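Trainee: I have a structure I would like to understand better, so I am pasting it below and will then ask my questions one at a time.
2 protein chains.
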Amino acid sequence: MKNAVTFDLYKTDSGTRARRGCLHTPHGDVQTPVFMPVGTQATIKAMKPEDVAGLGHEGVNIILSNTYHLYLRPGHEIVRKAGGLHKFMNWKGAILTDSGGFQVFSLGDLRKITEEGVEFRSFIDGSKHMFTPEKSMEVQNALGSDIIMAFDECAPPDADRGYIKKSLERTTRWLRRCKDSHKDVERQSLFGIMQGGFFKDLRYESAMQICELDLPGYAIGGLSVGEPKEVMYDVLDNCVELLPSDKPRYLMGVGSPDCLFEGVERGIDMFDCVLPTRIARNAAAFTSVGKVNLRNAVHTDDFEPLDPNCDCYCCRNYSRAYLRHLCKSNEIMSSMLLTEHNLYFLVRTMEKIREAIEEDRFLEYKQEFFDSYGEF
Amino acid sequence: MKNAVTFDLYKTDSGTRARRGCLHTPHGDVQTPVFMPVGTQATIKAMKPEDVAGLGHEGVNIILSNTYHLYLRPGHEIVRKAGGLHKFMNWKGAILTDSGGFQVFSLGDLRKITEEGVEFRSFIDGSKHMFTPEKSMEVQNALGSDIIMAFDECAPPDADRGYIKKSLERTTRWLRRCKDSHKDVERQSLFGIMQGGFFKDLRYESAMQICELDLPGYAIGGLSVGEPKEVMYDVLDNCVELLPSDKPRYLMGVGSPDCLFEGVERGIDMFDCVLPTRIARNAAAFTSVGKVNLRNAVHTDDFEPLDPNCDCYCCRNYSRAYLRHLCKSNEIMSSMLLTEHNLYFLVRTMEKIREAIEEDRFLEYKQEFFDSYGEF
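Put into structure tokens, the structure is as follows:
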């Protein structure tokens with residue numbers, strides 16, 4: 001029985017832990033390290049799927065979508081009847097869905113945790129729902145994504161050691177239940193999620209427990225939840241290598257340019273984040289010369305492209321003055337153009353990172369990037 | 377001295393006044409009758425210009441933009457410095473700009489009319505401004521559109537005969553001032569606008585006055601301002617033929633499918649309207665089987681395309697269930713897809729109208745269209 005998703009590790013950078021590999025999925029190959037654009041509600045906000053697929057020089061072949069949102073609306077049975085998420089949203093590449101765990105745990109007072117699962121209320125109509133490991137698998141099976149994530153608890157960053165330990169152990173028990181209830185491993189691959197907060201020994205404990213289940217991939221959860229970046233990098237320094245080197249490693253919810261470099265340097269293969277698409281809808285852009293806010297008056301009569309070193313659709317065809325006009329006028333086109341640019345920027349940066357790893361000059365490229373980008 | 381925009385009348389339908397022609401502009405030819413999509417603030421809302429240019433089977437080669445909006449934001453001098461509106465917004469086809477008259481007259485208590493022009497306040501910051509025929513020409517000259525419209529008064533539909541008469545005479549005086557102050561007729565063509573409310577004799581008077589100026593095109597203003605459609609058709613029955621047959625005739629602000637047919641039948645060559653793009657952002661679509669509202673629950677599990685007889689990007693790739701999901705989720709993609717479909721629908725319908733006129737079967741095609749579309 002062949003796993004839906006397999007991983008080839010091509011090489012490791014000579015000076016760092018940075019890895020160059022490839023995910024083979026039922027919807028095509030994905031070169032790693034990779035940044036996955038997020039399409040929460042079965043659409044990458046403000047972009048056509050063909051335009052997403054065409055980003056960068058090599059294109060994008062994997063996106064992320066959210067189980068929690070799609071379960072509530074339109075409902076996973078609708079997506080199943082549509083022929084699955086790929087067909088529903090007209091996306092021909094691979095899809096990774098999260099488990100819904102992160103979202104229901106973010107609801108605070110609106111949810112109740114038991115050994116069975118999590119009871120929560122809908123953000124749409126207040127109706128009561130229950131997510132369990134089995135339910136999350138059922139929903140993700142209906143969605144038909146290539147990679148499905150385990151239903152875990154992402155404990156609050158301020159939780160005490162006792163709670164984190166209890167929580168990661170429950171996450172392991174839930175992972176076993178996910179594995180037991182997910183049957184069609186040739187169609188979809190289940191990834192486990194390491195927890196353990198900012199405690200190195202608990203991260204170790206979590207890693208040992210989940211790796212025992214021999215899954216086709218592993219994620220690191222519970223990071224980028226408000227802690228200083230140094231804390232995250234310190235955890236990564238100590239826990240990435242606890243995961244098997246022949247399996248893909250996914251750092252969940254991380255996607256600022258600096259974090260991509262730091263994650264790759266520590267051996268991460270996959271990233272996702274709403275940051276590039278979200279800031280785009282707030283008139284902000286990543287560029288090779290730093291972050292730019294297009295509402296700033298300095299752009300009023302600046303007829304240069306947004307990023308002088310970018311060859312994306314936006315930078316080839318429009319000026320900062322035009323983008324500022326669109327942002328000030330609240331035009332949908334501003335979200336369209338800035339989303340396309342921001343995703344292009346991260347995708348293209350990741351392509352250059354892959355090339356640098358291949359040529360054993362990852363740190364050199366990192367330095368070059370930051371020399372141009374400036375302070376974060 | 378050659379006019380920027382010239383018109384060739386190819387033929388007239390055998391059974392009606394419907395005309396088949398071509399506008400030659402500095403930015404390419406435009407086959408008529410034509411529907412012009414509206415890009416109020418230098419963008420067709422929710423569409424990339426390349427996608428607009430690719431609509432229908434023959435493509436779109438003319439759009440409309442608004443002088444009033446662009447004067448206030450970003451300011452016509454910014455657009456001039458950008459190299460003109462075409463370059464600013466990345467539109468390679470022709471552009472028609474209105475004069476700003478309609479918008480400033482719509483401001484009600486916020487404006488004051490004198491013989492000199494109209495004083496009004498900005499909707500953005502309340503600042504005071506003055507539009508005169510000369511100012512409107514100056515602004516439109518800066519924008520660099522292919523067709524510029526005369527600064528006219530579109531009198532309120534409930535104005536009495538005395539006011540309408542006074543107003544149309546002032547509109548003629550203003551038209552003369554527009555013509556006198558617009559110098560570069562080889563770069564931009566000025567169209568005059570007929571007024572006269574719903575009074576046939578005043579329409580006649582207005583037509584005689586403006587046609588004396590021998591302009592490269594004429595528009596009919598002051599219609600589709602809230603009156604019953606029969607009243608508009610009655611005015612058109614009597615006044616379209618007052619305009620010279622060798623010049624293009626433009627019915628301003630009209631664009632519902634039924635009005636396009638009725639206008640073409642009465643000898644109109646050009647139309648514009650925000651309707652298809654505006655209703656798209658409210659989850660509504662024109663289809664060959666009538667108007668569809670995608671928020672309607674009946675579409676929840678309807679996996680058929682929006683329009684069974686449409687070959688647009690939206691109908692080739694997405695289901696009504698998906699479109700409903702996007703609309704319910706307030707996703708930008710719903711505006712993108714429905715705008716593209718609605719414009720495609722009108723553009724494609726106009727292509728079929730042109731073909732029908734060429735083959736002397738306009739009324740036959742009209743009947744066929746309405747048999748399928750149903751009641752308006």
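Protein sequence lines, in the order shown, are assigned to chains A and B.
According to my numbering, the residues represented by the first sequence are 1 to 376, in order.
According to my numbering, the residues represented by the second sequence are 377 to 752, in order.
No residue lacks a Cβ here, since even glycine has one placed at the ideal position from N, Cα and C.
Here the structure is a predicted model, which means the values were calculated and not measured.
Give me the residue from B:L719, B:R579, B:K555 with the minimum Cα distance to M423 (chain B).
Mentor: For M423 (chain B), the nearest C-alpha among the options comes from B:L719.
Trainee: Find out if the Cβ-Cβ distance for the pair V104 (chain A), Y163 (chain A) is shorter than 9 Å.
Mentor: Going by C-beta atoms, V104 (chain A) is not nearer than 9 Å to Y163 (chain A).
Trainee: Name the DSSP beta bridge partners of T32 (chain A), please?
Mentor: Answer is A:G21.
Trainee: Are there 16 or more other CB atoms within 10 angstroms of the CB of T114 (chain A), so buried, or fewer, so exposed?
Mentor: Result: exposed.
Trainee: Cβ closer than 7 Å: which chain A residues qualify as neighbours of S711 (chain B)?
Mentor: Ordered by position in chain A, the residues that pass the 7 Å Cβ test against S711 (chain B) are I332.
Trainee: Give me the subset of the region 688-702 of chain B whose CB atoms are less than 7 Å from a CB atom of chain A, sorted by chain position.
Mentor: Those residues of the region 688-702 of chain B that come within reach of chain A (Cβ to Cβ, closer than 7 Å) are N693, Y694, S695, A697, Y698, H701, L702.
Trainee: Reducing DSSP to helix, strand and coil, say where E426 (chain B) ends up.
Mentor: DSSP places E426 (chain B) in helix when its eight states are reduced to three.
Trainee: Taking its Cβ as the centre, do 16 or more other Cβ atoms sit within 10 Å of A285 (chain A), making it buried, or is it exposed?
Mentor: A285 (chain A) comes out buried.
Trainee: Against chain A, with Cβ distances strictly below 9 Å, would G585 (chain B) count as a contact?
Mentor: Here residue 585 (chain B) is Gln; the residue named in the question, Gly, does not match the sequence. Taking Cβ atoms only, chain A never reaches closer than 9 Å to Q585 (chain B), which makes this a no.
Trainee: Determine whether the Cβ of D683 (chain B) lies closer than 9 Å to any Cβ atom of chain A.
Mentor: Taking Cβ atoms only, chain A never reaches closer than 9 Å to D683 (chain B), which makes this a no.
Trainee: Quick one: residues in its chain with C-beta nearer than 6 Å to the C-beta of T277 (chain A), no 5 flanking neighbours on either side, listed in chain order?
Mentor: Cβ neighbours of T277 (chain A) beyond the five flanking positions: K45, T339.
Trainee: Whose CA, out of B:C398, B:G572, B:L544, B:K511, lies closest to the CA of D556 (chain B)?
Mentor: D556 (chain B) has its Cα closest to that of B:K511, out of B:C398, B:G572, B:L544, B:K511.
Trainee: Smallest Cα separation from P216 (chain A): which of A:R203, A:A159, A:G290, A:L243?
Mentor: Ranking A:R203, A:A159, A:G290, A:L243 by Cα distance to P216 (chain A) puts A:L243 first.
Trainee: If the cut is a Cβ gap below 7 Å, which residues of chain B does Q41 (chain A) touch?
Mentor: In chain order: S705, E707.
Trainee: For a test of the three-state rule: what should DSSP assign to E119 (chain A), helix, strand or coil?
Mentor: Here E119 (chain A) sits in strand by DSSP.
Trainee: When you compare the region 77-92 of chain A with the region 5-14 of chain A, are there three or more beta-carbon pairs, one atom per stretch, that lie closer than 8 Å?
Mentor: No, the region 77-92 of chain A does not touch the region 5-14 of chain A.
Trainee: Tell me which residue opens and which closes the beta strand (DSSP E) that M506 (chain B) is part of.
Mentor: Start and end: 504-507.
Trainee: So who's on the other strand from K11 (chain A), going by DSSP bridges?
Mentor: Per DSSP, A:R20.
Trainee: Residues of the region 461-473 of chain B in Cβ contact with chain A at a cutoff of 8 Å, in chain order, please.
Mentor: Going along the region 461-473 of chain B in chain order, one finds F464, M465, N466 with a Cβ nearer than 8 Å to chain A.
Trainee: Taking a Cβ distance cut-off of 7 Å, strictly less, list which residues of the region 106-125 of chain A are near chain B, in chain order.
Mentor: Residues passing the 7 Å Cβ filter: none.
Trainee: Where I332 (chain A) and H400 (chain B) are concerned, what is the direct C-alpha to C-alpha distance, given to the nearest angstrom?
Mentor: Taking the straight line joining both Cα atoms gives about 32 Å.
Trainee: Select from the region 57-79 of chain A all residues with a C-beta closer than 7 Å to any C-beta belonging to chain B, and list them in chain order.
Mentor: Cβ contacts with chain B come from R73, P74, I78.
Trainee: Does chain B have any CB closer than 9 Å to the CB of F191 (chain A)?
Mentor: F191 (chain A) does not count as touching chain B.
Trainee: Taking contact to mean at least 3 C-beta pairs separated by less than 8 Å, is the region 123-137 of chain A in contact with the region 51-63 of chain A?
Mentor: They do not touch, by the three-pair rule.
Trainee: How about G83 (chain A): is its C-beta nearer than 9 Å to some C-beta of chain B?
Mentor: With 9 Å as the cut-off, G83 (chain A) counts as an interface residue toward chain B.
Trainee: Looking at the C-beta of A659 (chain B), does it have a partner C-beta in chain A at a distance below 9 Å?
Mentor: No, because no Cβ of chain A sits closer than 9 Å to the Cβ of A659 (chain B).
Trainee: Please list the segments of the alpha helix (DSSP H) lying wholly inside the region 619-677 of chain B, counting only runs of 4 or more residues, in order along the chain.
Mentor: Correct list: 633-641, 651-656.
Trainee: Express the C-alpha separation of C398 (chain B) and P684 (chain B) in angstroms, rounding to a whole number.
Mentor: Straight-line Cα distance between these residues: approximately 31 Å.
Trainee: Assuming M628 (chain B) contacts A583 (chain B) under a Cβ cut-off of 8 Å, what Cβ separation, rounded to an integer in Å, is found between them?
Mentor: The Cβ separation is near 15 Å, so there is no contact.
Trainee: DSSP puts F191 (chain A) in a beta bridge; with which residues?
Mentor: In DSSP, F191 (chain A) forms a bridge with A:M149.
Trainee: I need the straight-line Cα distance from Y626 (chain B) to V414 (chain B), nearest angstrom please.
Mentor: Cα to Cα, Y626 (chain B) sits roughly 14 Å from V414 (chain B).
Trainee: Give a yes or no on whether the C-beta atoms belonging to L713 (chain B) and Y689 (chain B) are separated by under 9 Å.
Mentor: The answer is yes: Cβ separation under 9 Å.
Trainee: When you compare the region 139-149 of chain A with the region 159-175 of chain A, are there three or more beta-carbon pairs, one atom per stretch, that lie closer than 8 Å?
Mentor: Segments in contact, no.
Trainee: Considering only the beta carbon of each residue, do P248 (chain A) and D269 (chain A) sit closer than 9 Å?
Mentor: Closer than 9 Å, so yes.
Trainee: Under 8 Å, CB to CB, which of the residues in the region 671-682 of chain B have a partner in chain A?
Mentor: Residues T676, D677, F679.
Trainee: Measuring CB to CB, does S441 (chain B) end up less than 9 Å from T416 (chain B)?
Mentor: Result yes, Cβ atoms of S441 (chain B) and T416 (chain B) sit closer than 9 Å.
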